[in-house]
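Numbering (the numbering used here), first residue to last: 173 to 595.
All C-beta atoms, glycine included, are put in the ideal place defined by N, C-alpha and C.
This one's a predicted model, so the numbers in the text were calculated from it and none came from an experiment.
Input: a single structure, listed below in structure tokens.
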Amino acid sequence: MNERNSIIGKIDWVTILIYLALVIIGWFSIFSAKYDEMHPSIFDLSQVYGKQLIWIGSSLLIGFVILLIDAKFFNAFSLWIYFFFLASLFVVLVYGKATNGATSWIELSANVKFQPSEFAKMATALALAGYLDRLDVDMQKRKDQIIAALLVLAPMALVLLQNDTGSAIVFVSFIFVLYREGFPGTGLVMVGGVVAILLFILTLVWSQKVMYIILGSLLVLTLTYYLITKRKGIFKMLGVFAFMFVFVFSVDYAFHKVLQTHQQNRILVMLGKLDDPKGVGYNVHQSKIAIGSGGFTGKGFLQGTQTKYDFVPEQHTDFIFCTVGEEGGFLGTALVVLLYVALLVRIILLAERQRSTFSRVYGYAIAGILFVHVAINIGMTIGLVPVIGIPLPFLSYGGSSMLAFTIMLAIFVKQDANRLNIL
């Protein structure tokens, strides 16, 4: 009893309250998205919204149990947890069930499916935190850099083999952790990543020929500037331009030979190069109509016509945000976005006050995972990024997602509650 009272007094209730607010908003949004007049009770366990309540209850119970476990457990067994879920990703490749083109589910029963990739993100965060917390690890050493990178790339590669591009992209979020911990070159990698994305988009919008003309002109101007001012570093600059020329050359091959047809079409729809509101662009088109029709204050709970008549496919899962937009309007979406921002800021603030490397790294890892999930999911519902199918944390329907994100957050809350016990 004393231990329980001690934990209750030490946990960060601000984080818990934000989490609960998002979960409740998500539950009611799912109820609205899948509302059935024949089953009007939100507690009806035969319906999607009733099943989500079971997942919420299970998540809260598991989260409470985590708060009672010794905080050192997660560091001590971080690699075991990591290898368990790494093995589960292998199992998916052999016995997985294909859903929406991705083989990322293990069917445990007729009504229960398990998605290891959701838990693999949490396991990777634990493993990376556990590794960087070791006294003999020095991020300036090449060996340690390679091991840290492999811890992230291994599950990412397995998820890519499942054809689950969305979940694989989330693993890129660990670059924020490595940057915070002084991993050499991460700042350059982040800048290079942004430049690569811009070059990819501009090449598709303007064509390779136009990009060659632009880059060639910039190269001539830059060379002239270097020669006139006699600045050093001209060879590094030439290397950067060489990379950009090669990257632009490879865009056409990557787009047509690597990406699948539906992925190509989603990117073209996003860029405005393809208008297909009744085909590949249907989801996003209907989602934007739903969000736009909500206006400033929204149509009201259970009053959304786009929602009620099921115009948006997968609205209770990946497109749950458009339910918030239609029924809650700008005020509703702003509230949800502000809650996510508050949660991310809170996690980062808590991470910075940790006394152990393990807790700090883990905090930044889950902040990065949450940020990428929220940014991509909301971005795709309003047409800013291609539809790649990842859930909105705590709002989208799904047991694996709800359990994984709750466990992920509960472990960090436990670490924070235990920080004063670390000398």
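Pick helix, strand or coil for residue i, following the three-state DSSP scheme.
i, result
"D242", "coil"
"K159", "This structure leaves residue 159 out entirely; the chain is present only between 173 and 595."
"K315", "helix"
"D490", "coil"
"D184", "coil"
"M173", "Confidence at M173 is low in this model, with a pLDDT of 46, below 50, so the placement of that residue should be treated as unreliable; the coordinate-derived value is given next. Correct three-state label for M173: coil."
"D308", "coil"
"L443", "coil"
"L251", "helix"
"N437", "helix"
"N624", "Any answer about residue 624 is impossible in this case: the structure gives the chain only from 173 up to 595."
"P327", "helix"
"V335", "The sequence shown places Asn at residue 335, rather than the Val named in the question. The answer is coil: DSSP assigns N335 none of H, G, I, E or B."
"M580", "helix"
"K408", "helix"
"Q136", "Outside the shown range of the chain, which is 173 to 595, sits residue 136, and nothing can be said about it."
"Q432", "coil"
"K223", "helix"
"Y191", "helix"
"L575", "helix"
"Y569", "coil"
"V471", "Looking at the sequence provided, one finds Lys at residue 471 rather than Val. K471: coil per DSSP, three-state reduction."
"V559", "coil"
"K402", "coil"
As a quick exercise: from the options, pick the residue whose alpha carbon is nearest that of residue i.
i, options, result
"A259", "N335, A292, S231 and L280", "A292"
"I538", "I347, L371 and K429", "I347"
"R306", "G551, M580 and S528", "S528"
"G453", "V430, D424 and F483", "F483"
"L443", "S379, I385 and P288", "S379"
"L232", "G571, A589 and R591", "G571"
"I180", "G235, V344 and I196", "G235"
"T479", "D184, S213, S201 and G388", "S201"
"Y534", "I228, L304, L280 and L240", "L304"
"V509", "G476, I548 and L592", "I548"
"T337", "K381, E290 and K313", "E290"
"G467", "V441, A205, F286 and L503", "L503"
"A267", "D308, Q334, S204 and L225", "In the sequence on display, residue 267 carries Tyr and not Ala. Nearest C-alpha to Y267: Q334."
"V557", "V513, L440 and P485", "L440"
"E499", "Q487, S204 and W277", "S204"
"R352", "N593, R532 and V546", "R532"
I'd like to confirm the pairing. Which residues does DSSP put opposite residue i in its beta bridges?
i, result
"D278", "The sequence shown places Ile at residue 278, not Asp. F286, per the DSSP bridge assignment."
"A270", "T275"
"H211", "D208"
Any Cβ of chain C within less than 8 Å of the Cβ of residue i?
i, result
"V441", "Absence of chain C from the displayed structure is noted, only one protein chain being present."
(message) Across the segment 561-569 and the segment 461-474, are there enough close Cβ pairs to call them in contact, namely three or more that are closer than 8 Å?
(response) With a cut-off of 8 Å, the segment 461-474 and the segment 561-569 do not count as touching, because too few Cβ pairs lie within range.
(message) If contact is defined by three or more beta carbon pairs under 8 Å, each pair taking one atom from either stretch, is the segment 484-497 in contact with the segment 450-461?
(response) Taking 8 Å as the limit for Cβ pairs, the verdict is that the segment 484-497 does touch the segment 450-461.
(request) Scan the segment 340-384 and note each continuous alpha helix (DSSP H) run of 4 residues or more that stays entirely inside, going in chain order. (result) List check, alpha helix (DSSP H) in window: 346-352 and 358-378.
(message) Does the segment 289-304 come into contact with the segment 573-583, if we say contact requires no fewer than three beta-carbon pairs (one atom in each stretch) closer than 8 Å?
(response) Because the criterion of three Cβ pairs below 8 Å is met, the segment 289-304 and the segment 573-583 touch.
(message) Under 8 Å, with one C-beta from each stretch per pair, do the segment 205-219 and the segment 247-263 reach the 3-pair mark?
(response) Contact between the segment 205-219 and the segment 247-263 is absent, because fewer than three Cβ pairs lie under 8 Å.
(message) Quick test of the definition: if touching needs 3 or more C-beta pairs under 8 Å, does the segment 543-555 touch the segment 322-330?
(response) Counting C-beta pairs with one atom in each stretch, the segment 543-555 and the segment 322-330 have fewer than three that are closer than 8 Å, which means they do not touch.
(message) With a threshold of 8 Å, are at least 3 pairs of Cβ atoms found where one atom belongs to the segment 506-519 and the other to the segment 529-549?
(response) Look at the beta carbons and you see the segment 506-519 touching the segment 529-549: at least three pairs across the two are nearer than 8 Å.
(request) Check whether the segment 397-407 touches the segment 430-441, taking contact to mean three or more Cβ pairs, one atom from each stretch, closer than 8 Å. (result) The segment 397-407, when compared against the segment 430-441, does not touch it at the 8 Å Cβ threshold.
(request) Would you check if the segment 361-370 and the segment 402-411 touch, i.e. whether three or more CB-CB distances between them fall below 8 Å? (result) No, the segment 402-411 does not touch the segment 361-370.
(message) Does the structure place the segment 407-425 close enough to the segment 374-391 that three or more beta carbon pairs sit under 8 Å?
(response) By the Cβ rule, the segment 374-391 counts as touching the segment 407-425, because three or more pairs are nearer than 8 Å.
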